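First the structure, in the form of structure tokens, and then the observations on it.
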Amino acid sequence: MEAKKNYSQLAEENEHLRLQLDEANETIEAIRTGQVDALVVKGANGHELYTLKSADQSYRVFIEKMIEGAVTLNRQKVIIYSNSRFAEMVNMPLSKVIGLSFETFIATNDNDFFSALFDKGFAEDCKEEIILEGNHRTTPCQLSLTTLDLDEGIALSIILTDLTTQKETQRQLKLKNEELEKINLELELSNIDLQQFAYVASHDLQEPLRKIQLFSTYLKDKHLHDLPLESQQHLERIISSSYRMKSLIVDILNYSRLSADNIIFEKTELKNIIDNLLEDFEEPILEKKAKIIVGELPVVEINPGQIRQVFQNLISNALKFSKAEKVPVIAITSKRVEDFAFNSKENKEGNFYIISVKDNGIGFNNKYDKQIFTLFERLHSKDKFDGTGIGLAIAKKVIEQHNGIIMATSIEGEGSEFIIILPATQVQ
Amino acid sequence: MQIKKILLADDDIDDRTIIKNFFDKKSDVWLFPFAENGTEIIDILNKIEDTDNLPDLIILDQNMPRMNGKQTLLQLKHTERYAHIPVIIYTSYKDHKLVTDCFALGAAMIESKPSSYYDYEDMLNNFLAIIR
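So the protein sequences, as listed, match chains A and B. Here the first sequence is numbered in our numbering, starting from 1 and rising by one per residue. Here the second sequence is numbered in our numbering, starting from 1 and rising by one per residue.
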């Protein structure tokens, strides 16, 4: 341990440290204000040179390396600075670019436009698109103008973004859109054609059918017993076929009339529709001793007539395809959900409703779960079960026009479930 | 016994035959010669000078060429001379709009063409009931 220092020694040490501190503070101040570019420091290994990475230097590197072209123009539109990228864009060596008027790279008929833009750039930051005319190279660009406060005065900095790829993508997008529009129009026309055709065909088919029914039933009423037995049976077959044809035509007409254009939605109590339907089905329900369970049903924005048809078809099917030896139980329930998905979580504030019609009837093989919604698709012969096979096709079309989905699932021999997702409200 | 005069327009020969057979059996009905479309109906009516000789009932098929049932109905109700005569429209396809439109124009009845003889007889008896 040192001997205790006396007062004058301590005062000298203090002065020495104060001078060091002042020097250090001055150096820091000089660095901060950019007065020095480098420091030579006497260190343990001799003199060492430290250069300062000023903020300015970092930006210079940044501008040099960036993908955009960058130029600085003076009041006379002369390029006083350019990065390499700009030189590339105009296909000229960097050394040649500097000192040229920026107008060199503007088409003659764009000159006025650019002059106006140039003047505007001094007043406020702006962006515009222009064609850059380089050396045998034309580039569509977006110019971004802003002023720079340089020692020599106020200059204009322009950042140029090459829009070539963007323009090409835009062009292709436009082409694809036009194609899409064309196809859509063709599809719409084709649809209208088909609808009209179905309507007219069904309409006009009804007349000769009526004649067949009229005269064959007359023949049967007046002369059945004048005919040999085989002919009597033939006559019966003619008559029953004509009735079948009538059902088919009526169904086609109904299906073809389901047009999306004039669909009117209104807030409806689904329960009222179901109650009303169950009244209509009173007879077959009693006959089959069926038990119908109706859960809480929502208010939804729907076309009442069309949705009625959907549930009419579903309930009719549930009753029709019941098992003879079992008491038919049909459950109509609903729940409010978050998302437009069959496995969506229940949510009291959700935007969708899942409605289910479940029965304990004969069911069907799940491999037909999509097929059954096809027009005129039947899984059983006419002798076993009546029907044209249009009911589910109509249901599907209606639900889709309501921006919903319908699906079916079943265990053969145990029962089926028809599940519908509907949005609570419609955009009209 | 007052003879009822009935004027009918239908372009379908089968329907005309069935109707003719029905009314021929009624002793109190006299059938005008058939018209096949609305224009012919107007022609026939215009040729009748004496208003006493105008028909008591006009039956119109809806689907006729040149001037269909509804169009003829319109013209008849807008002509003072004929407006009072009851007009019945019958059609292969009775859709909601046709029914509303025809009643609005003043038709006495709108019926679907039947597909059995018995229904035909019922329908024609109903027509007769309007003027008997």
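For glycine and all other residues, C-beta sits at the position ideal for the given N, C-alpha and C. All values reported here derive from a predicted model rather than from experimental measurement.
Non-local beta-carbon contacts of A:L379 in its own chain, meaning distances under 7 Å to residues more than five positions away in sequence, involve F364, Y368 and I372 in chain order. In terms of beta-carbon proximity, B:D11 stays away from the interface with chain A, with every pair separated by 8 Å or more. Taking a contact as a CB-CB distance under 8 Å, the pair A:L160 and A:M89 counts as one, their CB atoms being some 7 Å apart. In this structure, the CA atom of A:C126 is about 34 Å from the CA atom of A:Q35. One thing to note: B:L8 has its Cβ within 8 Å of the Cβ of B:F34. Counted as a single uninterrupted DSSP element, the stretch harbouring B:R66 is not any alpha helix (DSSP H), since DSSP gives it neither H nor E.
The Cβ atoms of A:I411 and A:I420 do not sit closer than 8 Å to each other. Taking A:E301 as the centre and dropping the five residues before and after it, the same chain places the C-beta of F265, E266, K267, T268, P423, A424, T425 and Q426 closer than 8 Å to its C-beta, in chain order. The Cβ of A:R210 sits closer than 8 Å to at least one Cβ of chain B. Inter-residue distance for A:F321 and A:R336 is about 28 Å (C-alpha atoms, whole angstroms).
Under the criterion of beta carbons closer than 8 Å, B:P55 and B:I6 qualify as touching, at roughly 6 Å. Annotated as proximal: A:L235 and A:L227, with beta-carbon spacing under 8 Å. The Cβ of B:Y93 sits closer than 8 Å to at least one Cβ of chain A.
Look at B:K4: its C-beta is not under 8 Å from any C-beta on chain A. Spatial neighbours of A:E68 in its own chain (CB-CB distance under 7 Å, excluding positions within 5 residues in sequence) are listed in chain order as R85, I159, L160 and T161. Per DSSP, the beta bridge partners of A:T72 are A:Y81 and A:S157. Here the region 245-258 of chain A lies against the region 183-201 of chain A, with 3 or more beta-carbon pairs under 8 Å apart. Residues of chain B with a Cβ closer than 8 Å to the Cβ of A:Y218 are, in chain order, S116 and Y117. Membership of A:V329 in the beta strand (DSSP E) is indicated by the continuous run V329 to V337. For A:S416, the enclosing beta strand (DSSP E) covers residues G415 to P423. Contact holds between the region 238-255 of chain A and the region 386-393 of chain A, because three or more Cβ pairs, one in each stretch, are under 8 Å apart.
Nearest C-alpha to A:N83 among A:N109, A:T27, A:I63 and A:S202: A:I63. A straight-line Cα-Cα distance of about 21 Å links A:V310 and B:D95. Annotation: A:S241 to A:I285 spans about 28 Å, alpha carbon to alpha carbon.
In the DSSP assignment, A:Q142 is bridged to A:E129 and A:T161.
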